[in-house]
Structure formats: structure tokens, C-alpha cells
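Numbered by the working numbering, the letters in the sequence shown go through residues 10 to 652 in order.
From the three backbone atoms N, C-alpha and C, an ideal C-beta is built for every residue, glycine too.
A quick write-up on the structure given underneath.
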Amino acid sequence: MCEYLYEYEDEESDGFDEWEDIDLNRKEDEEFNFEINNSPLNNKKNKQVALSKLTKSFKQDYINQCLAVHSIQAVFSVYNFKTCFLSNYGKDIKLKSIVPGVIRKKFKKFDGSNDKVIITLIKGFTLWFDKNYQIDTLGERPIHAVDIKNNCYIKWFEQNDAKLKTILHDYKDYYNKLRKQYNISKTPVKSHKATYMRSDIDVKKEGNNTKQSYVMKYYLLLAALCKNSNIKIKLIYNIPCLDILKTITDCSTKTFLKIIEEQQYSLETSVSEVKRSIDFDLFYPYLWLEVEVPSGRTFYLNPIIHGSMNEYYEEIPNGQPFYPFYKFGSISPHKLEQPFYILSVDENLEIQNVSNKYIPNLQYTNRPCLINLKKEVFWLINKSVWKSINNIFDGFDKIPFNYYQHKNIANYIVMPEISIKSLKNHPNFIVEGYSKTRRNLDALSGDPIRELQINSKKYKVYVRSQLVRVRSMTHWEILGRTVKSGAIPLKTKKYIDRNGKFQVVSLYTFEQTYKTPRIPTLNCVKAYRRTLKGNEMLKVFNKSNMLPNEYCLLDDGKVSKRTLNKYNRKNRKRFVDYMDVITGFKFLQKNQVKPITHVMVHETDFNKLKEFQEYQDEVEVLKNWQELFLRLDIKERLNRQGF
Numbered sequence: 010m011c012e013y014l015y016e017y018e019d020e021e022s023d024g025f026d027e028w029e030d031i032d033l034n035r036k037e038d039e040e041f042n043f044e045i046n047n048s049p050l051n052n053k054k055n056k057q058v059a060l061s062k063l064t065k066s067f068k069q070d071y072i073n074q075c076l077a078v079h080s081i082q083a084v085f086s087v088y089n090f091k092t093c094f095l096s097n098y099g100k101d102i103k104l105k106s107i108v109p110g111v112i113r114k115k116f117k118k119f120d121g122s123n124d125k126v127i128i129t130l131i132k133g134f135t136l137w138f139d140k141n142y143q144i145d146t147l148g149e150r151p152i153h154a155v156d157i158k159n160n161c162y163i164k165w166f167e168q169n170d171a172k173l174k175t176i177l178h179d180y181k182d183y184y185n186k187l188r189k190q191y192n193i194s195k196t197p198v199k200s201h202k203a204t205y206m207r208s209d210i211d212v213k214k215e216g217n218n219t220k221q222s223y224v225m226k227y228y229l230l231l232a233a234l235c236k237n238s239n240i241k242i243k244l245i246y247n248i249p250c251l252d253i254l255k256t257i258t259d260c261s262t263k264t265f266l267k268i269i270e271e272q273q274y275s276l277e278t279s280v281s282e283v284k285r286s287i288d289f290d291l292f293y294p295y296l297w298l299e300v301e302v303p304s305g306r307t308f309y310l311n312p313i314i315h316g317s318m319n320e321y322y323e324e325i326p327n328g329q330p331f332y333p334f335y336k337f338g339s340i341s342p343h344k345l346e347q348p349f350y351i352l353s354v355d356e357n358l359e360i361q362n363v364s365n366k367y368i369p370n371l372q373y374t375n376r377p378c379l380i381n382l383k384k385e386v387f388w389l390i391n392k393s394v395w396k397s398i399n400n401i402f403d404g405f406d407k408i409p410f411n412y413y414q415h416k417n418i419a420n421y422i423v424m425p426e427i428s429i430k431s432l433k434n435h436p437n438f439i440v441e442g443y444s445k446t447r448r449n450l451d452a453l454s455g456d457p458i459r460e461l462q463i464n465s466k467k468y469k470v471y472v473r474s475q476l477v478r479v480r481s482m483t484h485w486e487i488l489g490r491t492v493k494s495g496a497i498p499l500k501t502k503k504y505i506d507r508n509g510k511f512q513v514v515s516l517y518t519f520e521q522t523y524k525t526p527r528i529p530t531l532n533c534v535k536a537y538r539r540t541l542k543g544n545e546m547l548k549v550f551n552k553s554n555m556l557p558n559e560y561c562l563l564d565d566g567k568v569s570k571r572t573l574n575k576y577n578r579k580n581r582k583r584f585v586d587y588m589d590v591i592t593g594f595k596f597l598q599k600n601q602v603k604p605i606t607h608v609m610v611h612e613t614d615f616n617k618l619k620e621f622q623e624y625q626d627e628v629e630v631l632k633n634w635q636e637l638f639l640r641l642d643i644k645e646r647l648n649r650q651g652f
């Protein structure tokens, strides 16, 4: 009793001076009522999370639908263009009934030696063509994202209407806006019926032309005039596609409500001050010409004249990009589109991808160019979105370059006019010592493409594809690759080992390695054991490439090391020889590394173990049947005796 008193005194001395009064006369049958709310939307935060998930699913579906339309329209447009071109290829055009005799005679007489004469003749022909032929019909155009967005929103709202009512129960104004927008989206937006290029183009007809057929007629007539000269004429086709960059920008920068409220087409703005304003809601001309004169000079030729005659043609420097074309949209007040794919076709029916000549920043990215997106865009968009984009762009806008060839493509790259701060996380450019990179895992290779000077400081700018992954020799071994002999490390890394000493390790790129050759096949496991020294173990990091032929590794399946031990206990004279090999490493806390081992045996021994395991399984099944029959027999005897 005294001991218990001492305990209570100690507790009181610890400062427990506040005690809860307990009713000792409480009834035993008194019940406690607990109310648990299982609803996931019981508070404001959960409602916000639920709404965020719903809006994210809409954006994902919207982007996926736009990507699908983009790729389908690209394929259809190319097919339609090829059909039109082949239908009019080699057509015998009677120039006498179309082109004035003065122009025909001039083209017939000139020998092609003087570039100025050629330009003058083409200029005169263009003036005549511009005077007689009109663009008076809406042509081929991309499907507008507004239509796709409306369809996605209608489907999304109908599927989630009940959830939205629950989530926005206390925010009825917001729900009413969504409901109102749903009704607006169901009403079709005023659309303009597009006319695609016809396969039977009649060059005699001066009217009823779209922008595409207008240029096509110009090309056919000019090609017929230059038929007997050494002038090479190529028709360039900018494939009209849905602008997926706008969709990605909107989903990354705009609020959900702003996205769904957009209902206007760019065509609704009038452009009375621009000549031939019809079809100028489109960003770029979809057809133009490249004219190569006998001297080797190449000219950009666009018969759709805008103001001054000097704007319809310009010389393209050999081996250089032509970016005045990229600024073509400055004449239009519309919200302009982006070009994606540009093809050229000549008189010999040779089709080439010339996208890199007219569109900058295509040489180094698998994804569409993000330079023209707003700087506040969240670059790390959902991986599934990038996967969908890569499916479209695979093999289309990429030209492989080695790291040391970046000097050659520097002219094809246009640096954005943005601050150094926005380059820190830019998806296409790396600023040495400034951009966010994994310092110990990434290294820059090759020469910089630009050098920026900001506040007396110089920054070297690299293309992001020059950022390569580097690994140590041991790391490459684990991945089944060996560093080439004589390879100079691209980078070194300092670290502190377990003993607290500084160590320097060399880091190599993928190109400085090759596949680790397969381990030579020896007669038996014992022969491999002889090649090792002390506690050294054989390393088989890559089973498919490094494991010797005629040998197998025992995994955690039916035929495992446990089976091997059982077999060797029962067959001591005919035991199976084996050896433990290292197949990897387990990296634990506090720099601890534990090797992962597997058992290697010969194929013949593996087959023995397999047969032994099958025999063991069969014995186990028979034992189970025996036990079942025994239990049934015991039960029957007990029933007979009346138990």
C-alpha cells in the first residue's frame, strides 16, 4: 500500500495538477453516439480537389481530341494535295488561248543566262495574272478548335452534371455559368464552308478560285511557260492543320471558365484594308513556289501580292533558312496560326520535307516548338499528352544531328525575345550555369549555339538536345554496357566515401559505351569458379546479353534455390553444382549497398531440377489425395459407430 502511495506522490510532483473529474455513478448501460460522415465532399478542400480533377479530365480530353483532329487533317490534306497535283501533272496547256502573245514571246526568247531578265519576266507575268484572276471563294482551312472544345464540353457536362451539382452546391452562380455555357455550346457557331482543291483545275477559268487553286493555276501556267528553259520550279505546300499549340497554351494558362467561354472564330474580324481579304484569317499561304534559276540562285515566289511588288518574291540564301516567310503574318490583324509541316514537289514528282527551311527550331526537338508559347506556360504537361504529340511528330520534323554538328544548325534556330529569367526552365534552351539541370547526372556537349551578354555578363546558350546523361563506369556496367577503351570522360564528380575521404569518379555518355559482350561459355560451373580470385563473384547484370550460353539463372519461381537444396540433399553423389552471381545492387540508406545475387546452373542441371520439381509436385498432390481419403474413411467409421 505504501508503494502505491509513493507512486501517486511522484506523479503529483511531476506537475500533473490538472485532473479530470469522472462521474463514478455513471450508468453502465449509458450509450455513446458517434456520427461518422463518409461523404468525400464534406469540406471545402475536398470539393476543390474534386472540381480540379473534373476540370483536368476535360482539358486532357480536349487536348487529345485536338491532337487526333490535327493528325487526321494532316493525312487527309496531303492525300488531297497529291491527288490534285497528279491529276494536273503533265497536262497539255494551250497557252495561246490564255496568256497574251507578248508574254509568251518574251519567255520563249530568253536564254536564262541573266537573272535580272528572269525576275523581270516573272514579275510581268505575275502582274498580268493578278489583274485577271481573282480569289473569291473560301478555301481549305483547319477545323477550328472552338468546335472541338464545344463538343468536348457538352460531353463532359452531361457526364458530370450530378457531381457538379453536389460539388457546387454552395456556389450556385458558378454552376449556373457552366449550365449557361453548356446551352451556348449546343448551338452551332456560325461556320464557313471550306472548299478543298479540286483535282480537275481549269486554268482558263479566271473566277471561282480559292487561295489554293489560285496559286495552283499560277504554278501550272508558269511551269508551261518555262517548259523549254533551265528554270526549275517547285510547288511548296504548307499542310493546314489544327493549331494544337493554341490548345496546349489555353489549357496551361487560362482558367477553366475562360476556356469554355471562347466562341469566336478569327474570321469574324473584317480586314477591309488588306487586298484580297478573303481567306486571310489563315496565317500563312498554303501554296507558293520556289524558282531555281540556271545560276543556282533560288527565289521564294508567292503570287498572292500584298501591296508592294517587292513583297511577293525574295531570294533564299543557299543552305540557309528563309524566315521572312515566318513574319508573313504581320500583314494580318487576326490571331494567327502556326505552320507545322511543309512539303515541296517538283516536275520530277520528287517530294521533300522542307519544314526546317521555313519553320525555325525543328532540328532538335521531338515535340512541337514551344518557343512561341507564353512564358508562364507550365512546361511539364501531362506525360500522356506528350506521348500523343510524339505519335504525330515521329519521323516528320526531326533531322538527326550529332553533338558536334550544332554549328551547322545554329542558323536554323531563332532565340525567343525573352528575359534570362524565363530561360531558366525553358524546354528548348539551356543556359550554362543558370538553367536548372541535374548537376551530377547531366553534362553539356558540343559548342554553344549563342552567347548572350546581359549586364556585362556572358551566358553560353545550348540547345536542350546537347544536354546528355552521364554515368560512372560502374553504373554503365549495371546497365549492361562497357565504357570504350581510351574514352575521355565528359565530366568528373567528387564525393565522400564511407571512410570520409574525397573520391573523384569519371562520368561518360551513352555514345562512349558499347554493349557488354556475353561471358564466354565454359564446360562447367567449376571452370568459372577457377577464373575468380578470393571472394570475387561473377557479374551478370544483363541476363539477355551477358549470361553465358547453355547456362540459366534460378529465380523465385517454382525452380528456385530451395528446389536445388532439396535435390542436393537427396542426391549427394549426383549433386548439382552451382555458383552465386551478382545481378544487381540494392541501394539502402546511409550509402549502404547490398548486392543482389542469383544462382547460376548449367542447362542440363536446370532440366534435372525441373523434372525433380515436377516429381515433388506430383508427390504433394498424391499426399493430399491420400489425406483426403483417410479423413473420409475415418468419418465413415465414426458415422457407423454412431458418433
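Its Cα nearest to that of LYS114, the residue GLY133 stands out among ASN123, GLY133 and ASP101.
For ARG646, the enclosing alpha helix (DSSP H) has its first and last residue at 612-649.
If the five residues before and after VAL212 are omitted, its C-beta is found closer than 8 Å to the C-beta atoms of ILE102, ILE107, LYS226, LEU229 and LEU230, all from its own chain and listed in chain order.
Annotation: the continuous beta strand (DSSP E) that includes VAL492 extends over 490-492. Between the region 69-86 and the region 245-259, the count of Cβ pairs shorter than 8 Å is three or higher; the stretches touch. Ranked by Cα distance from GLY455, the options PHE594, GLY651 and THR518 are led by THR518. In the DSSP assignment, CYS561 is bridged to VAL610. Excluding the 5 residues flanking it on each side, GLY216 has same chain C-beta neighbours closer than 7 Å at GLN143 and ASP145, in chain order. LYS524 is bridged by DSSP to ARG490.
GLY593 and PHE621 do not touch by the CB rule: their CB atoms are close to 28 Å apart, not below 8 Å. Around the beta carbon of MET546, fewer than 16 other beta carbons sit within 10 angstroms, so the residue counts as exposed. Taking one beta carbon from each stretch, the region 237-249 and the region 82-91 have 3 or more pairs nearer than 8 Å; the two touch.
Sequence-distant Cβ neighbours of LYS617 in its own chain, meaning closer than 8 Å and more than five residues away, are TYR576 and VAL585. In the DSSP assignment, GLU460 is bridged to LYS469. According to DSSP, ASP451 shares a beta bridge with ARG478. Annotation: the continuous beta strand (DSSP E) that includes ASP589 extends over 588-596. For VAL354, the enclosing beta strand (DSSP E) begins and ends at 351-354. Membership of LEU95 in the alpha helix (DSSP H) is indicated by the continuous run 53-97. Distance from the CA of ARG527 to the CA of ASN558, rounded to the nearest whole angstrom, comes to 8 Å.
Around ASP506, the same chain offers GLN512 as residues with beta carbons nearer than 6 Å, after the five sequence neighbours per side are excluded. In this structure, the beta-carbon distance from LEU556 to VAL608 does not fall below 7 Å. Separation of the CB atoms of ILE242 and ALA233 is rounded to 10 Å, and the pair is thereby denied contact status at 8 Å. Looking from the CA of ASN311, the closest CA among SER304, GLN190, GLY305 and GLU299 belongs to GLU299. For GLU323, the enclosing beta strand (DSSP E) begins and ends at 322-325. Spatial neighbours of VAL492 in its own chain (CB-CB distance under 7 Å, excluding positions within 5 residues in sequence) are listed in chain order as MET482, TRP485, TYR517, GLN521 and THR522. Going by beta carbons, CYS260 and ILE157 fall outside the 7 Å limit. Assigned with DSSP and collapsed to three states, GLN601 falls in coil, not helix or strand. Secondary structure at ILE112: helix, using DSSP grouped into helix, strand and coil. Along the length of the region 168-249, whole beta strand (DSSP E) runs at least 3 residues long occupy 241-247, reported in chain order. If you draw a straight line from the Cα of SER304 to the Cα of LEU266, it is about 58 Å long. Linking LYS214 to ILE112 through their CA atoms gives a straight-line distance of about 19 Å.
For VAL302, DSSP records no beta bridge to any residue. Spanning the alpha carbons of GLU301 and PHE349 requires a straight line of approximately 24 Å.
If you draw a 10 Å sphere on the C-beta of ALA83, you find 16 or more other C-beta atoms in it, and that means buried.
Judged by DSSP in its simplified three-state form, THR264 adopts coil rather than helix or strand.
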